[in-house]
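Numbering (full-length UniProt numbering), first residue to last: 1 to 257.
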């Protein structure tokens with residue numbers, strides 16, 4: 001599942017492939033920007049912002065979001081794609097490399113000076129150079145909802161998704177339904193920062209420290225299976241800011257109280 005660490009690696013890959021090159025192919029397969037042409041412009045670089053990706057070209061920024069299934073792939077010009085063309089939403093090519101956005105969402109282009117119109121609402125990003133733990137704790141601590149819901153709200157902290165929420169709450173021994181004011185949010189964020197920074201350079205995300213199929217998580221995706229610590233069966237439920245945004249939660253009823 002794409003989360004902040006996935007977007008970080010994606011941005012780094014795009015930056016290494018495209019930065020400094022002149023755009024020779026620009027194709028956005030979304031109605032609003034289908035006729036936009038940035039060929040001839042120079043790629044300034046790719047920047048992650050939470051779960052959002054900003055590809056700066058000339059004085060414009062191509063914004064995209066990976067959502068649940070999106071991804072950017074890098075090819076050599078003329079190389080055969082490993083996915084069907086109907087899934088492609090964006091193509092940005094230079095003489096050396098071609099970046100192809102597959103199943104990406106929120107595809108739009110704005111002047112780079114107006115990036116904040118798209119991502120300015122986001123909270124501090126633990127993978128950004130300007131990470132502000134005090135502001136993150138202030139925002140999260142002011143949220144009175146269940147901690148699982150508050151941690152997923154990108155206005156509080158940018159980059160943590162459902163998998164991180166489930167795993168961090170397990171590691172801190174906190175039930176997903178616990179009201180956020182009852183949680184030591186500074187300690188939770190400290191753990192989250194250390195975990196997501198460790199994962200940003202790994203090929204496969206892990207919370208247990210084991211990089212093997214089926215062994216990377218403590219509770220996420222393990223409903224009905226024994227807790228790795230105490231053997232109690234992992235439970236699952238649903239929580240959300242409202243009924244249209246409910247996410248699946250996983251927890252150990254013994255380790256998280």
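Backbone N, C-alpha and C fix where the C-beta goes; we use that ideal spot for every residue, glycine too.
Take residue i and list the residues in its own chain whose beta-carbon comes closer than 8 Å to its own, dropping the five residues that flank it on each side.
i: residue 42; result: 20, 21, 22, 23, 57 and 58
i: residue 133; result: 124, 186, 189, 190 and 193
Taking just the CA atoms, how far does residue j sit from residue i?
i: residue 154; j: residue 129; result: 17 Å
i: residue 208; j: residue 185; result: 21 Å
i: residue 99; j: residue 241; result: 35 Å
i: residue 228; j: residue 117; result: 44 Å
i: residue 106; j: residue 204; result: 25 Å
i: residue 126; j: residue 135; result: 11 Å
i: residue 108; j: residue 231; result: 47 Å
i: residue 119; j: residue 250; result: 29 Å
i: residue 138; j: residue 179; result: 15 Å
If I'm right that residue i touches residue j with Cβ under 8 Å, what's the distance once you round it to whole angstroms?
i: residue 161; j: residue 152; result: 7 Å
i: residue 60; j: residue 28; result: With 8 Å as the limit, residue 60 and residue 28 do not qualify as a contact, their Cβ atoms being about 11 Å apart.
i: residue 248; j: residue 236; result: 6 Å
i: residue 257; j: residue 175; result: 6 Å
For residue i, does the count of other Cβ atoms within 10 angstroms reach 16, so buried, or fall short, so exposed?
i: residue 233; result: exposed
i: residue 80; result: exposed
i: residue 212; result: exposed
i: residue 255; result: buried
i: residue 269; result: Not covered by the structure: residue 269. The range shown for the chain is 1 to 257.
Sorted by chain position, which residues of the same chain lie with C-beta nearer than 6 Å to residue i's C-beta, five sequence neighbours on each side aside?
i: residue 48; result: 7, 8 and 11
i: residue 103; result: 69, 70 and 87
i: residue 75; result: 98
i: residue 177; result: 146
Could you tell me the boundaries of the alpha helix (DSSP H) in which residue i lies?
i: residue 233; result: It is not in any alpha helix (DSSP H) - residue 233 carries neither H nor E in the DSSP assignment.
i: residue 61; result: Counting along the chain, residue 61 falls outside any alpha helix (DSSP H), though it belongs to the beta strand (DSSP E) covering 60-65.
i: residue 109; result: Not the alpha helix (DSSP H): residue 109 falls in the beta strand (DSSP E), residues 105-111.
i: residue 141; result: 133-141
Apart from the five residues just before and just after residue i, which ones in its own chain have a Cβ nearer than 7 Å to its Cβ?
i: residue 45; result: 15, 19 and 56
I need the boundaries of the beta strand (DSSP E) containing residue i, first residue and last residue.
i: residue 248; result: 247-251
i: residue 71; result: 71-75
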